[in-house]
Amino acid sequence: MRARLATPRDAETIVHIYNEGIEERIATFETRPRTTEDVEGWFGGAHPTVVVEDAGSVVAFATTSAYSPRECYAGISEFSVYTAHEARGLGAGRMAMQALIQAADRAGFHKLVSRVFVENAPSRELLLSLGFREVGIHEKHARLDGAWKDVVIVERLL
40 MRARLATPRD
50 AETIVHIYNE
60 GIEERIATFE
70 TRPRTTEDVE
80 GWFGGAHPTV
90 VVEDAGSVVA
100 FATTSAYSPR
110 ECYAGISEFS
120 VYTAHEARGL
130 GAGRMAMQAL
140 IQAADRAGFH
150 KLVSRVFVEN
160 APSRELLLSL
170 GFREVGIHEK
180 HARLDGAWKD
190 VVIVERLL
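Counting from 40, one number per residue, gives the positions in the sequence shown under this note's numbering.
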């Protein structure tokens, strides 16, 4: 496996992996499947996206986005990481996050933050092993399929 910065050519595969996560209801509040056009909008700005390839196929991605439009938060970036179902447990998510941490640091960010479903033990364990800390829980943060869900807030200084 190898990690690299994503390009617009990766959008279709990123969409497939992201939509798996949406369908499984284990990692995001999003319920609308994404399109290639949605993901193509991620490229060309200040926020890096990385992919992990295995045998020439993209099997994981991690991406950053703006934490807040307020200027005082410009050095903070939100992140997400998704791994294709068939590649879970093989280290692709870890590799994606390691590459994203480096890319975000090179892009000038000083902190990464995210929210993880409380019950998503694999993601929480991965992030803790990479130096993220859990700073609290947002109770009943949003609804997914009509049910309120709690999320753990994670952060890592770069």
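Even glycine gets a Cβ: it sits at the ideal position worked out from N, Cα and C.
Exercise for the section: Specify whether the segment 83-91 and the segment 125-144 touch according to this definition: at least 3 beta carbon pairs, one from each stretch, less than 8 angstroms apart. Expected result: yes
Problem - Buried or exposed (CB count within 10 angstroms, at least 16 for buried), serine 107 - result: exposed
Practice task
Could you have a look at arginine 71 and say whether DSSP puts it in helix, strand or coil?
Solution key: coil
Exercise for the section: Keeping to the same chain, check which residues put their C-beta closer than 7 angstroms to that of alanine 123; ignore five residues upstream and five downstream. Expected result: Ile56, Glu59, Val98 and Ala99
Problem - For arginine 73 and glutamate 51, the rounded distance between their alpha carbons - result: C-alpha separation (whole angstroms): 10 angstroms.
Exercise for the section: Rounded to whole angstroms, what's the CA-CA distance from leucine 44 to histidine 180? Just pull it up for me. Expected result: 31 angstroms
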